[in-house]
Amino acid sequence: MKRVSVKGWKQNRGRLDPGPFFYIYPGDWNGPEPMSARIAIHTLGLLMIILGALMLVPAAVSVIYAEPSGVAAFLLSSMLTLAAGYAMRRLGCSGDVEHSDAFLIVTLGWLLAALFGALPFVLLGMGFVDSLFESMSGFTTTGATILTDYDSKGYWIVNPDAASVCVASGVIDALSRLFAGDSATIAALIDGEIGDRTYLGLLFWRSFTQFLGGLGIILLFIAILPQLGVAGRQLYYVDSSRLTKETITPRVKDTARIYWGIYLLMVGLETFMLSLAGMPVYDSLLTAFTTIATGGFSPQASGIVAYSSLPIEAIAMLFMLLGATSFNLHYNFLYRGSLSAYARDSEFRFFLYILASSIVLILVAGGIEGDVLHRLRIVSFQVVSTMTTTGFTNNFSYDTWPVASGMVLLVLMLVGGCVGSTGGAIKVARILLILKYGKRELIEMIHPRAVKPIKMTKATIQEDIIRSILFFALLYLIVFFCASLAMALTESGNPGFDLISAVSAVATCMGGVGPGLGEVAFDFSHVTPVGKIIGVICMYVGRMEILPVLVLFLPGFWDK
Numbered sequence: 004m005k006r007v008s009v010k011g012w013k014q015n016r017g018r019l020d021p022g023p024f025f026y027i028y029p030g031d032w033n034g035p036e037p038m039s040a041r042i043a044i045h046t047l048g049l050l051m052i053i054l055g056a057l058m059l060v061p062a063a064v065s066v067i068y069a070e071p072s073g074v075a076a077f078l079l080s081s082m083l084t085l086a087a088g089y090a091m092r093r094l095g096c097s098g099d100v101e102h103s104d105a106f107l108i109v110t111l112g113w114l115l116a117a118l119f120g121a122l123p124f125v126l127l128g129m130g131f132v133d134s135l136f137e138s139m140s141g142f143t144t145t146g147a148t149i150l151t152d153y154d155s156k157g158y159w160i161v162n163p164d165a166a167s168v169c170v171a172s173g174v175i176d177a178l179s180r181l182f183a184g185d186s187a188t189i190a191a192l193i194d195g196e197i198g199d200r201t202y203l204g205l206l207f208w209r210s211f212t213q214f215l216g217g218l219g220i221i222l223l224f225i226a227i228l229p230q231l232g233v234a235g236r237q238l239y240y241v242d243s244s245r246l247t248k249e250t251i252t253p254r255v256k257d258t259a260r261i262y263w264g265i266y267l268l269m270v271g272l273e274t275f276m277l278s279l280a281g282m283p284v285y286d287s288l289l290t291a292f293t294t295i296a297t298g299g300f301s302p303q304a305s306g307i308v309a310y311s312s313l314p315i316e317a318i319a320m321l322f323m324l325l326g327a328t329s330f331n332l333h334y335n336f337l338y339r340g341s342l343s344a345y346a347r348d349s350e351f352r353f354f355l356y357i358l359a360s361s362i363v364l365i366l367v368a369g370g371i372e373g374d375v376l377h378r379l380r381i382v383s384f385q386v387v388s389t390m391t392t393t394g395f396t397n398n399f400s401y402d403t404w405p406v407a408s409g410m411v412l413l414v415l416m417l418v419g420g421c422v423g424s425t426g427g428a429i430k431v432a433r434i435l436l437i438l439k440y441g442k443r444e445l446i447e448m449i450h451p452r453a454v455k456p457i458k459m460t461k462a463t464i465q466e467d468i469i470r471s472i473l474f475f476a477l478l479y480l481i482v483f484f485c486a487s488l489a490m491a492l493t494e495s496g497n498p499g500f501d502l503i504s505a506v507s508a509v510a511t512c513m514g515g516v517g518p519g520l521g522e523v524a525f526d527f528s529h530v531t532p533v534g535k536i537i538g539v540i541c542m543y544v545g546r547m548e549i550l551p552v553l554v555l556f557l558p559g560f561w562d563k
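Once you know that position 240 of the sequence shown is 243 in our numbering, the rest is easy, because the numbers rise by one and skip nothing.
Put into structure tokens, the structure is as follows:
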């Protein structure tokens with residue numbers, strides 16, 4: 004151990020041993036230097052404070068719709084999250100965020116968001132595993148759900164029996180008796196009833212989590228906290244899924260704000276268009292939240308089917324495509340007026356080619372009733388929804404399509420959207436570069452001395468990037484296979500769970516799609532608790548794109 008100078012020793016005299024979380028430096032010493040863990044805790048505390056403040060938004064929605072249990076649930080969740088954030092700020096220490104710190108902040112940030120985001124579900128009567136599944140599905144924009152109950156208007160609700168005895172209802176009842184001697188007094192202040200099943204406030208939070216997770220809570224963190232400085236760039240680097248980690252502006256906070264500006268613009272535009280098409284304003288806003296985020300949560304239990312409207316389906320398809328397209332292209336169009344940027348982009352062209360080919364293949368496979376235009380409408384919507392990893396559906400029969408159609412949809416779950424979009428899975432650009440790499444290998448077998456660089460949109464891709472893409476794709480498939488095997492073993496006692504159910508359950512969770520095939524075609528309510536935990540892990544690992552999570556398990560990561 005390095006010695007501490009006499010001056011430094013005197014300054015620290017009488018203090019407790021700082022322990023393993025601190026370094027001891029020679030020379031002038033004004034106190035211990037924090038380790039990465041304490042810097043990360045300090046930064047994560049601020050993230051939790053922001054999340055706690057955002058929980059007040061659905062609390063206000065619950066007030067508007069006279070849902071006392073919802074108000075209690077979100078106020079309690081907000082207070083607990085704020086308290087946790089404040090405690091983390093006190094336990095941690097400020098300092099320069101290094102590259103390794105950023106890995107810790109990003110990976111734990113998403114996990115903590117899902118954990119604390121599950122509190123409203125728990126307080127409103129759902130079990131912890133189901134609540135965590137729903138929350139993780141929201142923040143990772145997966146769209147898989149365990150909800151099965153709905154009201155007379157078709158809106159999702161928490162199980163009525165559970166809701167009537169939930170913690171939130173108990174709090175309202177206890178406060179009313181304490182301050183007024185009447186169990187209904189506080190509920191009456193907002194014209195509500197203690198026994199309400201609370202769904203509009205909770206459904207808002209459910210879709211709001213997808214809205215926050217679409218561009219990413221880390222990018223929001225960077226956008227609203229300019230004091231992060233260099234730390235913001237480190238967080239952007241780790242949380243970004245772009246092939247090149249370059250920002251569109253010199254300062255990363257400006258890049259984050261531009262992306263969020265484009266994101267909010269599209270949400271507002273879709274909300275307006277859906278309202279004009281006849282969708283209620285509440286439904287329009289929540290649908291816009293989850294369409295641009297390519298999340299797929301709908302306030303209606305029957306999803307887009309509930310509206311039975313061709314204009315609504317067309318608007319949803321347009322914005323699903325926009326959400327799954329690189330935001331760099333949107334930036335070039337909106338800020339530079341370059342509409343041709345879409346046509347010049349190799350990834351975007353390949354994206355459209357895969358969509359068109361998949362539609363043709365499923366139509367050729369047959370097995371879908373109706374005339375040509377009806378079949379084209381049904382298939383086009385399902386293909387766009389699946390490949391953009393949104394997970395909406397405009398029919399309840401896609402699970403009965405021929406096996407070939409199911410295979411096409413399964414492949415689309417693995418491919419996903421474009422790099423730099425809100426879409427999930429492997430991403431189109433990676434698939435395209437792998438194909439280009441394979442083509443080059445075949446050419447070099449014939450012409451060993453040929454030098455043929457791999458290009459994409461006229462830009463030469465460096466060999467180290469290609470190697471990292473090949474490694475990521477291989478790792479993705481390995482994790483996919485292992486998770487599918489684990490899911491199959493876990494659900495071996497489930498009579499309705501076959502091979503396609505296990506494989507599609509993992510594919511849809513890792514790719515952030517939502518609905519799968521077979522037993523998980525519409526929800527995960529019949530999956531065992533252990534199977535749901537596997538789904539939660541797959542959603543988390545898929546959203547993190549595997550590597551940042553695995554880095555934390557390297558022994559060298561924790562060495563200083």
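Positions of the beta carbon are idealized from the N, C-alpha and C atoms, including for glycine.
### Query
Roughly how far, in whole angstroms, is the beta-carbon of Ile44 from the beta-carbon of Gly95, given that I think they are within contact range, below 8 Å?
3 Å
#### Entry: Assigned exposure category for Leu54 - 16 Cβ within 10 Å defines buried
buried
#### Entry: Check whether Thr392 and Ala428 have beta carbons under 8 Å apart
yes
### Met320 versus Val544, His377, Val386 and Phe330, residue with shortest Cα-Cα distance
Among Val544, His377, Val386 and Phe330, the Cα nearest to that of Met320 belongs to Val386.
### Message
With the cut-off set at 8 Å, would you say Ala171 and Leu135 are in Cβ contact?
### Response
no
### Query
What does Met459 pair with, by DSSP beta-bridge criteria?
Ala462
### Query
Can you tell me where the alpha helix (DSSP H) with Ser377 in it begins and where it stops?
The identity of residue 377 in the sequence shown is His, whereas the question assumes Ser. That run of the alpha helix (DSSP H) goes Val375 to Met390.
### Query
From Leu492 to Val161, what distance separates their C-alpha atoms?
29 Å
### Query
Which class does Asp152 belong to by DSSP, given the choice of helix, strand or coil?
DSSP places Asp152 in strand when its eight states are reduced to three.
### Task
Give every residue of the same chain whose Cβ lies closer than 6 Å to the Cβ of Ser424, excluding the five residues on either side of it in the sequence, and list them in chain order.
Ala327, Thr328 and Ser329
### Query
To the nearest angstrom, how far is it from the Cα of Asp286 to the Cα of Ile362?
28 Å
### Message
Give me the residue from Ala524, Ile472 and Met490 with the minimum Cα distance to Leu550.
### Response
Ile472
### Query
By the 10 Å Cβ neighbour count, where 16 or more other Cβ atoms means buried, how is Tyr356 classified, buried or exposed?
Exposed.
### Query
My guess is that Gly120 and Thr212 are in contact by the Cβ rule of under 8 Å, so how many angstroms apart are they, rounded?
Beta-carbon to beta-carbon, Gly120 and Thr212 are separated by about 6 Å, close enough to satisfy the 8 Å threshold.
#### Entry: Three-state secondary structure (DSSP) of Ile27
Residue placement at Ile27 is poorly supported in this model, since its pLDDT is 30, which falls under 50; the coordinates still yield a value, given next. Judged by DSSP in its simplified three-state form, Ile27 adopts coil rather than helix or strand.
### Those runs of the alpha helix (DSSP H) which lie wholly inside the segment 81 to 154 and span at least 4 residues
102 to 120, 122 to 126 and 131 to 142
### Message
For Met547, count the other beta carbons within 10 Å of its own beta carbon; 16 or more makes it buried, fewer makes it exposed. Which is it?
### Response
Burial call: buried.
### Message
By the DSSP assignment, the alpha helix (DSSP H) with Tyr158 in it spans what residues?
### Response
It is not in any alpha helix (DSSP H) - Tyr158 carries neither H nor E in the DSSP assignment.
### Task
Could you tell me whether the Cβ atoms of Leu206 and Pro302 are closer together than 8 Å?
Against a cut-off of 8 Å, the Cβ pair of Pro302 and Leu206 comes out as a contact.
### Query
In whole angstroms, what separates the C-alpha of Ile42 from that of Leu488?
Straight-line Cα distance between these residues: approximately 38 Å.
### Task
Mind checking who Gln303 pairs with in its DSSP beta bridge?
Tyr158
### Task
Give me the Cβ distance between Ile295 and Gly217, rounded to the nearest whole Å; I'm assuming they're in contact under 8 Å.
6 Å
### Task
Write down the C-beta distance between Phe384 and Val308 rounded to the nearest angstrom, noting that I regard them as a contact closer than 8 Å.
Not a contact, Cβ separation roughly 10 Å.
### Task
Say whether the segment 400 to 408 touches the segment 436 to 456, bearing in mind that this needs 3 or more beta-carbon pairs closer than 8 Å, one atom from each stretch.
The segment 400 to 408 vs the segment 436 to 456: no contact.
### Task
Indicate whether Thr293 and Met282 have their beta-carbon atoms separated by less than 8 Å.
no
### Query
Exposed or buried, Arg209, counting other C-beta atoms within 10 Å across all chains shown (16 or more means buried)?
buried
### Query
Under three-state DSSP, which class holds Lys248?
Confidence at Lys248 is low in this model, with a pLDDT of 46, below 50, so the placement of that residue should be treated as unreliable; the coordinate-derived value is given next. Three-state DSSP puts Lys248 in coil, outside helix and strand.
### Query
Phe527 and Lys535 look like a contact to me (Cβ under 8 Å); what is the Cβ gap, rounded to whole Å?
6 Å
### Message
For Arg18, which residues in the same chain have their Cβ closer than 8 Å to its Cβ, ignoring the five residues on either side in sequence?
### Response
For Arg18, the predicted structure reports a pLDDT of 38, less than 50, and the residue's modelled location is therefore unreliable. A value from the coordinates is still provided. Nothing meets the Cβ criterion.
### Task
Pull up the distance between the alpha-carbon of Lys248 and that of Ile175, whole angstroms please.
Here Lys248 scores only 46 on pLDDT, less than 50, and its place in the model should not be relied on; the value that follows carries that caveat. Those two C-alpha atoms are separated by around 49 Å.
### Query
What is the rounded straight-line gap between the Cα of Phe106 and the Cα of Leu366?
A straight line joining the alpha-carbon of Phe106 with that of Leu366 spans about 44 Å.
### Message
Given a cut-off of 8 Å on the beta-carbon distance, is the pair His417 and Gly517 in contact?
### Response
One detail in the question is off: residue 417 reads as Leu in this sequence, not His. For Leu417 and Gly517, no; Cβs fall outside 8 Å.
### Message
Which of the three DSSP states is assigned to Pro61 in this structure?
### Response
helix
### Task
Tell me whether Gly369 is buried or exposed, calling it buried when 16 or more other Cβ atoms sit within 10 Å of its Cβ.
exposed
### Task
Check whether the Cβ atoms of Phe509 and Phe475 lie closer than 8 Å to each other.
Looking at the sequence shown, residue 509 is not Phe but Val. For Val509 and Phe475, no; Cβs fall outside 8 Å.
### N- and C-terminal bounds of the alpha helix (DSSP H) containing Glu444
Where Glu444 is concerned, the enclosing alpha helix (DSSP H) stretches over Val431 to Ile449.
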